[in-house]
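Novice:
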Amino acid sequence: MSPIPFSGNPLDRASERRSDSAWLQAKAAAGLYLPFWQNRPFIAEDRVKFLPWRSEWEGRSCVFLGLDDTQPLFAVDLPGESEPELGEGAFQEMRAGAFFLPGRDTAIAGQAKALLDWHKRHGFCPNCASVTVLCDGGYRRLCSACGAEHFPRTDPVVIMLPIFGNECLVGRNQRFPSQLYSAFAGFVEPGESMEEAVRRELREEVNLETGVVTYHAAQPWPFPSSLMLGCYAEALSRDFRIDRNEIEDARWLSKDEVRTRLAGGIEDEMKLPVTIAIAHYLIRDWASK
243 MSPIPFSGNP
253 LDRASERRSD
263 SAWLQAKAAA
273 GLYLPFWQNR
283 PFIAEDRVKF
293 LPWRSEWEGR
303 SCVFLGLDDT
313 QPLFAVDLPG
323 ESEPELGEGA
333 FQEMRAGAFF
343 LPGRDTAIAG
353 QAKALLDWHK
363 RHGFCPNCAS
373 VTVLCDGGYR
383 RLCSACGAEH
393 FPRTDPVVIM
403 LPIFGNECLV
413 GRNQRFPSQL
423 YSAFAGFVEP
433 GESMEEAVRR
443 ELREEVNLET
453 GVVTYHAAQP
463 WPFPSSLMLG
473 CYAEALSRDF
483 RIDRNEIEDA
493 RWLSKDEVRT
503 RLAGGIEDEM
513 KLPVTIAIAH
523 YLIRDWASK
């Protein structure tokens, strides 16, 4: 299976060292920094662009990403309504960038975006509403008043492809772009296992009963910060009923039809997921067997 975009991060996160402030300061002095502006990374010549530290960035939110061999890498969040001038290059939206950036770049930029976005939304303690302080290179915030510790979170999401014999079921969510059909998905709820979440979501969205649930692959998804858990679910029958709230249509597709559609051999009102989405890999990998 080929690498899924936003996965395969090559950095050594040095989690055992980043609570050492002296070590972190030394790495910051030798570090290179990936600038972000309005959740967009700085990109030049189809690569994310790391730059030496600039004095005007003092006081901005900055997170440690890890070591690229021996080179420390950081990300910095830049303010302002107008795009900062950093020389050759531009700030580009992450989804669009994932189509042309190298895999390691999407993984590193995804890590940076998820961390910086979390810090934007957690400047105050949910326990007592006091100001929190960034610690451990960005992997912890400490409340200045009550001492509560807060850690960046990743929300688990199940994304699943129901299988019945030689067919898979794809659905069209009302929020999808025009003509798109994809796998089904939903957040894992408190007190719920991955398998239970898969079965519940399929019952809710298409009233489909399923048996064995098989994990296939995962994808970090930094919009804002989820972990997509890709699964196959054994459908107990072909009978389904869409809920009409989230799902407006669903169809069974054979392996032959999926292969033909992925190869561009069918042009109609249906489109399958693009290559930056784990749903594409779930459908493609199933059809290739």
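All letters in the sequence shown, in the order written, are residues 243 to 531 by our numbering.
Note that the Cβ used here is the ideal one computed from N, Cα and C, for glycine as well.
Please name the residue in ALA270, PHE366, PRO326, LEU357 whose C-alpha comes closest to that of CYS388.
Specialist: Position 146 of the sequence shown, counted from the start, is the residue given in the question as residue 388. Cα-wise, what sits closest to CYS388 is PHE366.
Novice: Would you tell me roughly how many angstroms separate the C-alpha atoms of LEU495 and ALA270, rounded to the nearest one?
Specialist: For the purposes of this step, residue 495 is identified with residue 253 of the sequence shown, where counting begins at 1. For the purposes of this step, residue 270 is identified with residue 28 of the sequence shown, where counting begins at 1. C-alpha separation (whole angstroms): 52 Å.
Novice: Tell me which residues share the same chain as VAL454 and place their Cβ nearer than 8 Å to its Cβ, disregarding the 5 neighbours each side in the sequence.
Specialist: The count along the sequence shown starts at 1 and reaches residue 454 at position 212. The answer, listed in chain order, is ALA475, GLU476.
Novice: So, helix, strand or coil for GLU476, using DSSP?
Specialist: Locating residue 476 in the sequence shown gives position 234, where the first residue counts as 1. It is a strand residue.
Novice: Would you give the residue range spanned by the alpha helix (DSSP H) that ILE525 belongs to?
Specialist: The count along the sequence shown starts at 1 and reaches residue 525 at position 283. First-last of the alpha helix (DSSP H) with ILE525: 520-529.
Novice: Tell me whether CYS410 is buried or exposed, calling it buried when 16 or more other Cβ atoms sit within 10 Å of its Cβ.
Specialist: Here residue 410 is taken as the residue at index 168 of the sequence shown, counted from 1. Burial call: buried.
Novice: Leaving out five residues on either side along the sequence, give the residues of the same chain with a beta carbon under 6 Å from the beta carbon of ALA390.
Specialist: Mapped onto the sequence shown, residue 390 falls at position 148. Excluding sequence neighbours, ALA390 sits near CYS367, ASN369.
Novice: CB GLU446 to CB LEU478, shorter than 9 Å?
Specialist: Looking up residue 446 in the sequence shown gives position 204. Looking up residue 478 in the sequence shown gives position 236. Their beta carbons are not under 9 Å apart, which means GLU446 does not touch LEU478 by this criterion.
Novice: Does TRP494 come out as helix, strand or coil in the three-state DSSP assignment?
Specialist: Taking the sequence shown and counting its residues from 1, the one referred to as residue 494 is at position 252. TRP494 falls in the strand class under three-state DSSP.
Novice: Report yes or no: do the segment 331-344 and the segment 274-283 share at least 3 C-beta pairs separated by less than 8 Å?
Specialist: Yes, the segment 331-344 is in contact with the segment 274-283.
Novice: Quick one: what's ALA332 bridged to in DSSP?
Specialist: One-based indexing of the sequence shown puts residue 332 at position 90. DSSP lists ILE285 as partners of ALA332.
Novice: By DSSP's criteria, HIS392 is part of a beta bridge. Which residues make up the other side?
Specialist: Looking up residue 392 in the sequence shown gives position 150. Answer by DSSP bridge pairing, in chain order: ARG383.
Novice: Report the option in SER297, GLY352, PRO247, ASP288 whose CA atom is closest to the CA atom of PRO466.
Specialist: For this step, residue 466 is matched to residue 224 along the sequence shown. Nearest option by C-alpha distance: GLY352.
Novice: Is ALA272 buried or exposed, if buried means 16 or more other CB atoms sit within 10 Å of its CB?
Specialist: One-based indexing of the sequence shown puts residue 272 at position 30. Exposed: under 16 other Cβ atoms inside 10 Å.
Novice: Three-state secondary structure (DSSP) at GLN280?
Specialist: Taking the first residue of the sequence shown as 1, we reach residue 280 at position 38. Looking at GLN280 - three-state DSSP - the assignment turns out to be coil, as it is neither helix nor strand.
Novice: Please list the terminal residues of the continuous beta strand (DSSP E) segment that includes ALA317.
Specialist: Within the sequence shown, residue 317 is the residue found at index 75, counting from 1. Run containing ALA317: 313-320, per the beta strand (DSSP E) assignment.
Novice: Can you give the Cα-Cα distance for ASP310 and LEU357, rounded to whole angstroms?
Specialist: Here residue 310 refers to the residue found at position 68 when the sequence shown is read from its first residue. Here residue 357 refers to the residue found at position 115 when the sequence shown is read from its first residue. Computed Cα separation, rounded: 18 Å.
Novice: Cα separation between LEU504 and HIS361?
Specialist: Numbered from its first residue, the sequence shown carries residue 504 at position 262. Numbered from its first residue, the sequence shown carries residue 361 at position 119. Each residue's Cα considered, the two are about 39 Å apart.
Novice: Any chance the segment 370-386 sits against the segment 395-414, with 3 or more Cβ pairs inside 8 Å?
Specialist: Flag = no, the segment 370-386 and the segment 395-414 do not touch.
Novice: If we ignore side chains and look at the alpha-carbon of each, how far apart do GLY339 and GLU490 end up?
Specialist: For the purposes of this step, residue 339 is identified with residue 97 of the sequence shown, where counting begins at 1. For the purposes of this step, residue 490 is identified with residue 248 of the sequence shown, where counting begins at 1. If I take the Cα positions, the gap works out to 30 Å.
Novice: ALA439 to ALA521, Cα distance in whole Å?
Specialist: The sequence position of residue 439 within the sequence shown is 197, counting from 1. The sequence position of residue 521 within the sequence shown is 279, counting from 1. Rounded to the nearest angstrom, the two C-alpha atoms are 17 Å apart.
Novice: How many whole angstroms separate the CB atoms of ASP288 and PHE342, which I take to be in contact at a CB cut-off of 8 Å?
Specialist: Residue mapping note: residue 288 aligns to position 46 of the sequence shown, counting from 1. Residue mapping note: residue 342 aligns to position 100 of the sequence shown, counting from 1. That belief holds up - the Cβ atoms of ASP288 and PHE342 are roughly 5 Å apart, short of 8 Å.
Novice: Using 9 Å as the threshold, is the C-beta distance between LEU253 and LEU307 below it?
Specialist: Here residue 253 corresponds to residue number 11 of the sequence shown, with the count starting at 1. Here residue 307 corresponds to residue number 65 of the sequence shown, with the count starting at 1. Cβ distance < 9 Å, so LEU253 and LEU307 count as in contact.
Novice: Let me know if MET243 comes out buried or exposed under the rule of 16 or more other beta-carbons within 10 Å of its beta-carbon.
Specialist: Here residue 243 refers to the residue found at position 1 of the sequence shown. Any answer about MET243 is weak, because its pLDDT of 49 lies below 50 and its placement is not dependable; what the coordinates show is given next. It counts as exposed.
Novice: Please report how far the alpha carbon of GLY507 lies from the alpha carbon of LYS497, in whole angstroms.
Specialist: Here residue 507 is taken as the residue at index 265 of the sequence shown, counted from 1. Here residue 497 is taken as the residue at index 255 of the sequence shown, counted from 1. Their backbone Cα atoms lie some 13 Å apart in a straight line.
Novice: On a CA-only basis, which of VAL305, PRO247, THR502 is nearest SER530? Give me that one, please.
Specialist: As a position in the sequence shown, residue 530 is number 288, starting the count at 1. SER530 has its Cα closest to that of THR502, out of VAL305, PRO247, THR502.
Novice: If distances are taken between C-alpha atoms only, which option among PHE418, GLY407, TRP299 comes closest to GLY322?
Specialist: Locating residue 322 in the sequence shown gives position 80, counting from the first residue. Comparing Cα-Cα distances from GLY322 to each of PHE418, GLY407, TRP299, the minimum goes to TRP299.
Novice: Go ahead and pull the three-state DSSP assignment for LEU309.
Specialist: Locating residue 309 in the sequence shown gives position 67, counting from the first residue. DSSP places LEU309 in strand when its eight states are reduced to three.
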